[in-house]
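**Q** Each residue of the sequence shown is one higher than the last, beginning at -12 in the working numbering. Just so it is clear, CB atoms sit at the ideal spot from N, CA and C, and this is done for glycine as well.
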Amino acid sequence: MVFDPVLFVFLAIPVYVANSTPLLFSKVRVLGFLDLPIDRKKFFMGERLLGDGKTLKGFVLGLLSGSFAGLILGASFLGFLLSLGVVVGDLLGSFIKRRFRIKRGRQWFWDSIFFVVFALVFASSFFSVSWEYWLILLILSPLIHRLANVLAFHSGLKNVKY
Ligand code: CTP
Ligand code: MG
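#1: For F101, which residues from the same chain have a beta carbon less than 8 Å from its beta carbon, with the 5 sequence-adjacent residues on both sides left out?
#2: By DSSP's criteria, E34 is part of a beta bridge. Which residues make up the other side?
#3: I want to check one thing, is the minimum distance from the CB of G76 to the heavy atoms of the ligand MG below 8 Å?
#4: L11 lies in the alpha helix (DSSP H); which residues open and close that run?
#5: Should F46 be labelled buried (16 or more other beta-carbon atoms within 10 Å of its own) or exposed?
#6: Around the ligand CTP, what residues have a beta-carbon under 5 Å from a heavy atom of it, in chain order?
#7: Y3: beta carbon under 8 Å from a heavy atom of the ligand MG?
#8: With a Cβ-Cβ cutoff of 9 Å, do L65 and P(-8) count as a contact?
#9: Near K145, which residues of its chain fall below 7 Å by C-beta distance, leaving aside the five closest residues on each side in sequence?
#10: Round the Cβ separation of R91 and D22 to the nearest angstrom and send it over; I've been treating them as touching at under 8 Å.
#11: Compute every distance between the C-beta of Y149 and the non-hydrogen atoms of the ligand MG, then say whether any falls below 8 Å.
#12: Ignore the nearest five residues each way along the sequence and tell me which others in N6's own chain have a CB closer than 6 Å to its CB.
#13: Closest to L122 by CA distance: which of F114, S111, V104 and S112 is it?
#14: Going by DSSP, which residues form a beta bridge with P24?
#15: Quick check on this structure: which residue in S111, S128 and L10 has the alpha carbon closest to the alpha carbon of F96?
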C-alpha cells in the first residue's frame, strides 16, 4: 500500500484538533456539571481516579471539535471515531498516570502516546490504517504535543511549558 498524504492529513487533523481544544478552552468557565472533574474528586488506590485535568467539558469539546474537523474535511465518521479515541485514550492515560502517582499536569512520556493509539485503534475498527500512518503519527505526536504546550505557556494558558 502506498502512503497517501491526503489520508495522513485526514487522520492527523481530527486527532490533534480533538486533543488540543480542551486545553484551549481550559480557562473558559461553563457553569454547572460540565466544569467538574469527571472523577468527581474520587480517589482510587490512594490517588485521584483521573484528576482535576479531566473535565466533562474537555471530553465533550474534544469529541465535538475533532468530529467537526472531520466534517469539514468530508470524512465525518472517520473524524468522529478518531476524536472518540482521542478523548477516551486521554482519560485512560490520566488513569494510568495517577496509578503511577504522577500528579495532574506533570510531564509524562506517555502523555502524547495514549490518545494517538486509541484514535487509531478506534478508526481501525471501520477503516484500514496501515502501519506507516501509525508510525508517523506516533513520532510526530510528542513534537506537536510539546509545541502546543510551549504555545499554551507563552499565551498564558499554562503555567508550565509541558
Ligand atoms: N482538559 C479538560 N478535560 C479533559 C482534557 C483536558 O478540561 N478531558 C483541560 C484541563 O484544563 C487540562 C488541560 O485541558 O489541564 C490540558 O489537558 P491534559 O494535558 O490532558 O491534562 P493535564 O492537566 O496534564 O492532566 P493529566 O496529568 O491528568 O494528563
Ligand atoms: Mg498534560
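**A** Walking through what the data contain:
#1: As a working note, residue 101 is residue 114 in the sequence shown. Excluding sequence neighbours, F101 sits near G76, D77, L79, G80 and I83.
#2: For this step, residue 34 is matched to residue 47 along the sequence shown. Paired residue(s): F31.
#3: Counting from one through the sequence shown, the residue named residue 76 turns up at place 89. The answer is no for G76.
#4: For the purposes of this step, residue 11 is taken as residue 24 along the sequence shown, with counting starting at 1. Its alpha helix (DSSP H) spans residues P(-8) to L11.
#5: Here residue 46 is taken as the residue at index 59 of the sequence shown, counted from 1. Counting Cβ neighbours within 10 Å, F46 comes out buried, since at least 16 surround it.
#6: Answer in sequence order: P9, L10, S13, G38, G40, K41, T42, G45, F46, S81, R91 and G92.
#7: Residue 3 sits at position 16 when you count from the first residue of the sequence shown. Y3 Cβ: outside cutoff for every heavy atom of the ligand MG.
#8: In the sequence shown, the residue the question calls residue 65 occupies position 78. In the sequence shown, the residue the question calls residue -8 occupies position 5. For L65 and P(-8), no; Cβs fall outside 9 Å.
#9: If you number the sequence shown from 1, residue 145 lands on position 158. Once the five neighbours on either side are set aside, the close Cβ partners of K145 are N136 and A139.
#10: As a position in the sequence shown, residue 91 is number 104, starting the count at 1. As a position in the sequence shown, residue 22 is number 35, starting the count at 1. About 15 Å separates the CB atoms of R91 and D22; that is not less than 8 Å, and the two are not in contact.
#11: In the sequence shown, residue 149 corresponds to position 162, counting from 1. Yes, since a heavy atom of the ligand MG falls inside the 8 Å radius drawn around the Cβ of Y149.
#12: Locating residue 6 in the sequence shown gives position 19, where the first residue counts as 1. Correct list, in chain order: V73 and F102.
#13: As a first step, residue 122 must be located in the sequence shown, where it is residue number 135. For the residues F114, S111, V104 and S112, the minimum Cα distance to L122 belongs to V104.
#14: Here residue 24 refers to the residue found at position 37 of the sequence shown. BP columns for P24 point to T42.
#15: Taking the sequence shown and counting its residues from 1, one reaches residue 96 at position 109. Ranking the options by Cα distance to F96, first place goes to S128.
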